[in-house]
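Residue numbers (my numbering): 3 to 221. Beneath this line is the structure, given in structure tokens, with notes to follow.
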Ligand SMILES: [Zn+2]
């Protein structure tokens, strides 16, 4: 799941207008941002299923530090605490913490039962909506569209850059999603990890867009 997490980041702007879109993206996508590093360090593992039997062609064999429920709650507390200390905003900290947890809840809906509740010998959960690719994609698109709509209603551009930087970001996210869905399976876990690291550019893009837009409300 990719697009829906960014949709949550966009939409969260409606409840936390003073928090930058970059921070909201960072939180909503946090566990998928640390996962590539854990893969590259050999701490977590993913296998690629090349026989076409699985959509998406990935088997998340071991990822308790990025994707177990307990770990995600821990990451949420960490992200919220850092924001509270640096920016002194309780609302911002709360929304960012919830955004971190939202990632796991959305993953829970689509993933096959591969999400641990805690590191160690845990039960694995996942409702498996990915087995119906069309429904999974429509769900992601709907969440993304709703999020972008909320962001548009919560902010207005401060200059021309505030407009086109946003629309080019929306286009880039959609293109990445299309590539993920229709592209060939990744050649290796290392390739997945390096492509995953490139997501940091999307976070930076979020900060850039937001610095050229301002909240519509005085909150
Ligand atoms: Zn994830």
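We put the beta carbon where it would ideally sit given N, CA and C, even for glycine. Given the structure is predicted, the values throughout are model-derived calculations rather than measurements.
Cβ-heavy atom distance, residue 105 to ligand 1, below 7 Å: yes
Closer than 7 Å: residue 116 CB and nearest ligand 1 heavy atom: no
For residue 52, the three-state DSSP class (helix, strand or coil): Note: residue 52 maps to coil in three-state DSSP.
Nearest-angstrom Cβ-Cβ length linking residue 128 and residue 113, presumed shorter than 8 Å: 4 Å
Residues bridged to residue 212 [DSSP beta-bridge criterion]: Residue 212 pairs with nothing; no bridge assigned.
Residue 89 and residue 157 closer than 8 Å at C-beta: no
Same chain, Cβ closer than 8 Å to residue 213, five either side skipped, listed in chain order: 22
Test item: CB-CB of residue 126 and residue 117 under 8 Å: Residue 126 places its beta carbon less than 8 Å from that of residue 117.
Sequence-distant residues of the same chain with beta carbon closer than 6 Å to residue 124, five excluded per side: The answer, listed in chain order, is 118.
Minimum Cβ-Cβ distance from residue 136 to chain B less than 8 Å: The structure shown contains no chain B; it holds only a single protein chain.
Cβ shell of residue 60 (< 6 Å), same chain only, five flanking positions each side left out: 48
Exercise answer, beta-carbon shell around ligand 1 heavy atoms below 5 Å: 34 and 109
Classification of residue 94 by the beta-carbon crowding that lies within 10 angstroms, buried from 16 upward: buried
Residue 197 vs residue 139 beta-carbon contact at 8 Å: No, the Cβ-Cβ distance between residue 197 and residue 139 is not below 8 Å.
Coarse secondary structure for residue 158, derived from DSSP in three states: strand
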